[in-house]
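For reference, the structure is listed below as structure tokens.
Number of protein chains: 2
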Amino acid sequence: MEPQVADAPPVLALARLGAVMRRAFSVRMAEEAWAVDAGLRPGCFSVLRAVATGATAPSQRALGDQLGIDPSDLVGLLDVLEAAGYVERRRDPADRRRYAVEVTDEGRHAIEQFEGVAATVADDVFGVLPRQDRQTLEDLLVRVITAHEEGAAGGGSPP
Amino acid sequence: MEPQVADAPPVLALARLGAVMRRAFSVRMAEEAWAVDAGLRPGCFSVLRAVATGATAPSQRALGDQLGIDPSDLVGLLDVLEAAGYVERRRDPADRRRYAVEVTDEGRHAIEQFEGVAATVADDVFGVLPRQDRQTLEDLLVRVITAHEEGAAGGGSPP
DNA sequence: ACTAGATCGTTGGACAGCCCAACGATAGGG
DNA sequence: CCCTATCGTTGGGCTGTCCAACGATCTAGT
Chain A
205 MEPQVADAPP VLALARLGAV MRRAFSVRMA EEAWAVDAGL RPGCFSVLRA
255 VATGATAPSQ RALGDQLGID PSDLVGLLDV LEAAGYVERR RDPADRRRYA
305 VEVTDEGRHA IEQFEGVAAT VADDVFGVLP RQDRQTLEDL LVRVITAHEE
355 GAAGGGSPP
Chain B
205 MEPQVADAPP VLALARLGAV MRRAFSVRMA EEAWAVDAGL RPGCFSVLRA
255 VATGATAPSQ RALGDQLGID PSDLVGLLDV LEAAGYVERR RDPADRRRYA
305 VEVTDEGRHA IEQFEGVAAT VADDVFGVLP RQDRQTLEDL LVRVITAHEE
355 GAAGGGSPP
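As you go down the protein sequences, you meet chains A and B in turn.
Heads up: the first sequence begins at 205 in the numbering used here, then just goes up one per residue.
Heads up: the second sequence begins at 205 in the numbering used here, then just goes up one per residue.
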């Protein structure tokens, strides 16, 4: 009768781990003056990164679909980012309902700083693993996450 | 300066993935009559599992420290579990402030059913990976999670 | 023995994240 | 020209998490 410390699917434990990471990230960011000053929330960086890494300036709808964020929540996040001067909302001339969200140079600079904070948090969480295993874990996580992002956004089955 | 297609530390993405898992778990559970009937919330199963796998009947304080759940939130979760007949709160005779939380036979049975639901969710999330990689990922996650649980609970340095 | 401080479980409230319903503005098809 | 669908936006509700404070109980100092 082994105590089976970790059962087959550590589903809720992973959910918990994600919450801890978000929390730790939020705490670390609260120490950064440039972030507090702009009123940046954790979700802002997910959006900022998606805008910057995307090939073309995406619409808010596409952005929300890709990240799994509700369009209504995206509004506030983009308001903050725009007020901070990190992104710009330009009307899509071909479809004036849409905004074409573009990243600014300051936005790209902010991403680098954000990456530094994220690296600190990642060290706290994944630092318990030896370097090789940690690399493997991060690679696998990226594969899972990107697979789900594609499945939600572009992976759609067009009728 | 690599183009860093997939960010160095997928911190927020992992946080997002955790939220997705919790959500998916909640949705799947909403379809199970035995869970809805008892008013079980996702966190209940984390607690139930911790109570069952622990060597001795833990106090609520120890339980909260291990799982990273605030004692005040643990109250409600245990109320639900006790009302469902899955756990019992017995006064610790050696220290009448504490409760010794014990799992019942029905509680153990509920864990098995819960594991089935969790397995379904895990398939949805990790199913995008080939079997071998999935196994590796789950193992690494378990190592990280247990390391943090030990660090939070048993890691204390008793004076 | 008696008091002072610490610990355990509990209550209540504050706060952020996530989701849904509904609305004006715009685009496309009959 | 009208009807429907889509985009961004507003508002509200629900849940999870955290913090402050309280009575009951244990522990330590005298």
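C-beta atoms are modelled at their ideal positions from N, C-alpha and C, and glycine is treated no differently.
{"Asked": "Coil, strand or helix - residue 302 (chain A) by DSSP", "Found": "coil"}
{"Asked": "Interface flag, residue 337 (chain B) vs chain A, CB-CB below 8 Å", "Found": "yes"}
{"Asked": "Min CB distance residue 342 (chain B) to chain A below 8 Å", "Found": "yes"}
{"Asked": "Close Cβ partners of residue 254 (chain B) (< 7 Å) along its chain, the five nearest in sequence each way excluded", "Found": "267, 270 and 271"}
{"Asked": "Proximal chain B residues relative to residue 225 (chain A), where beta-carbon distance stays under 7 Å", "Found": "215, 218 and 219"}
{"Asked": "Cα-Cα separation between residue 300 (chain B) and residue 293 (chain B), rounded to whole angstroms", "Found": "12 Å"}
{"Asked": "Within chain B, partners of residue 246 (chain A) - CB distance below 8 Å", "Found": "216 and 219"}
{"Asked": "Buried or exposed (CB count within 10 angstroms, at least 16 for buried), residue 342 (chain A)", "Found": "buried"}
{"Asked": "Cβ of residue 322 (chain B) within 8 Å of any chain A Cβ", "Found": "yes"}
{"Asked": "Spatial neighbours of residue 229 (chain B) in its chain, beta-carbon cut-off 8 Å, leaving aside the 5 residues before and after", "Found": "246, 321, 322 and 325"}
{"Asked": "Alpha-carbon to alpha-carbon, residue 238 (chain B) and residue 264 (chain B)", "Found": "25 Å"}
{"Asked": "Backbone secondary structure at residue 293 (chain A) - three-state DSSP", "Found": "strand"}
{"Asked": "Neighbourhood of residue 349 (chain A) by C-beta distance below 6 Å, restricted to the same chain and skipping five residues each side", "Found": "none"}
{"Asked": "For residue 321 (chain A), the three-state DSSP class (helix, strand or coil)", "Found": "helix"}
{"Asked": "Beta-carbon gap between residue 311 (chain A) and residue 290 (chain A) smaller than 8 Å", "Found": "yes"}
{"Asked": "Identity of the residue in A:256, A:277 and A:328 nearest residue 231 (chain A) by Cα", "Found": "A:328"}
{"Asked": "Nearest-angstrom Cα separation, counted from residue 218 (chain B) out to residue 302 (chain A)", "Found": "29 Å"}
{"Asked": "Continuous alpha helix (DSSP H) assignments of at least 4 residues falling wholly in the segment 219 to 264 of chain B", "Found": "237 to 242 and 246 to 257"}
{"Asked": "Pairwise C-alpha distance: residue 275 (chain B) and residue 331 (chain B)", "Found": "35 Å"}
{"Asked": "Beta carbon of residue 347 (chain B) nearer than 8 Å to that of residue 278 (chain A)", "Found": "no"}
{"Asked": "Residue 250 (chain A): contacting residues in chain B (beta-carbon distance under 8 Å)", "Found": "216, 217 and 220"}
{"Asked": "Neighbouring residues, chain B, relative to residue 285 (chain A) (Cβ below 9 Å)", "Found": "What residue 285 (chain A) touches in chain B: nothing, since even the nearest Cβ is about 14 Å away."}
{"Asked": "Beta-carbon spacing of residue 281 (chain A), residue 240 (chain A) below 8 Å", "Found": "no"}
{"Asked": "Residue range of the unbroken alpha helix (DSSP H) whose run includes residue 281 (chain A)", "Found": "275 to 287"}
{"Asked": "Closest Cα partner of residue 249 (chain A) within the set B:220, B:336, B:308 and B:315", "Found": "B:220"}
{"Asked": "Whole-angstrom C-beta distance between residue 215 (chain B) and residue 233 (chain A), which should lie under 8 Å", "Found": "Actually they do not touch by this definition, with Cβ atoms about 11 Å apart."}
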